[in-house]
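Here the structure is laid out as structure tokens; the discussion comes afterwards.
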Amino acid sequence: MANSKYEYVKREFEFNRQLPASNWIVLRIDGCHFHRFSELHAFEKPNDESALRLMNACATSMLKKYNDIVFAYGASDEYSFVFREETELYNRRESKILSKCVSYFTSVYMRKWKDFFPNNDLKELPYFDARVVCYPNMKTVRDYLAWRQVDCHINNQYNTCFWMLIQSGKTKNEAYQALKGTSSKDKNKLLLQQFQINYNDESAMFRKGSTVYRDKVTKVKTDDYGNPIKRTRQAIIVSNFDIIGPEFWEKHQYILGKEKYGYEYVKKFVNIPRSPCSNWTIVRISACQFDQFSLIHSFDKPNDETALRLMNASASLMMEQFPDIIFGYGFNNEYSFVFQENTELYNREES
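If you count by this note's numbering, then the sequence shown holds residues 1108 to 1458, one letter each, in order.
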């Protein structure tokens, strides 16, 4: 930014929270209003395999871009990314990790949409929120991942029963009432007796979610004389393993390390900063590596009018989406949005 008499607003009012050292950073990205989004795009119920594979492709791209991500776990419209304990990504600045990672994930989701839905045009723009949590040791990280996989199982088992009841002719309220108060055992019995479905035979991706990590793979090629040549390289693997028990971690100790691991308590580490009441909230969005981006896409220099109009159109959509924005100002690859003083958008949660 250029120096001016107005620059005090950055120096005195902007704060960059640096995440504590010697802590594992976990970033969780979650789809916003994806119930509506999935209905609008006619996702299959209870699980749309193409939609899940698209999420996996986005997670794979995240691992390709960020070497400090050592493990990712996803289910439904959610993905968690574990950064190595000693990462110095963006100097561990929370706002940078949040904004850049969720922005990149969303961009990949939109870019790859047609790879998985070639005959289904985007009717509404997808967007995601994110939060960062720091965990003090490997045991807690494993418990966090176990917590997410338990949630995956509970939600998928319920949804499988719910949508089978809907498809059998029940209304949504009738299906809800039929499942109210049922145990996991009751749901398995319902699926088997009414629909001849063994829940354990359902796709592991649906039941267990997806894990993404790096591993060594060996390929065998032959030389000009027909002799086999083994070559080992590191690859990004997408799988659907149980990560609650110890077996996966014992086989892949290099990912997090060796320790034992109850999981609901991990929520206590979540600290959600809130913007103070009776303060004007300003969000400034600035493009990442746009010098390179503009060169690749041959923007006119010194100003590309089409690119600026695209930024303006994006700002207009922001104000349509969020009525609490009362003013926007932008130039070059940056836009600032002023929210009304008494906004309670997302309970003023910063992330």
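Beta carbons: idealized from backbone N, C-alpha and C, even for Gly.
Of ASN1198, ASN1174, PHE1178, CYS1165, the smallest CA-CA separation from MET1217 is found for CYS1165. For the region 1261-1330, the full-length beta strand (DSSP E) segments reaching 3 residues or more read 1317-1329 along the chain.
Measuring C-alpha to C-alpha distances from ALA1253 to each of ASN1110, SER1183, PRO1353 identifies PRO1353 as the nearest. CA-CA distance, GLY1435 to SER1443, rounds to 6 Å. Per DSSP, the beta bridge partners of GLU1441 are SER1393, PHE1438. For the 8 Å CB-CB criterion, ASN1163 and VAL1319 form a contact. According to the DSSP assignment, ARG1143 belongs to no beta strand (DSSP E) but to the alpha helix (DSSP H) extending over 1141-1147. Look at the beta carbons and you see the region 1287-1303 not touching the region 1173-1182: under three pairs across the two are nearer than 8 Å. DSSP places TYR1361 in no beta strand (DSSP E) but in the uninterrupted alpha helix (DSSP H) bounded by 1360-1363. Taking a C-beta distance under 8 Å as the contact criterion, SER1423 and LEU1205 do not qualify as a contact pair.
Here ASN1449 is exposed: its Cβ has fewer than 16 other Cβ atoms, across all protein chains shown, within 10 Å. Around the CB of ASP1250, 16 or more other CB atoms lie within 10 Å, so the residue is classed as buried.
LYS1152 carries a coil assignment under DSSP once its states are collapsed to helix, strand and coil. Pairing ILE1136 with PHE1212 gives a Cβ-Cβ distance under 8 Å. Taking C-alpha positions only, THR1339 is separated from LEU1170 by approximately 19 Å. Looking at the backbone, the Cα of VAL1445 and that of MET1425 are separated by about 11 Å.
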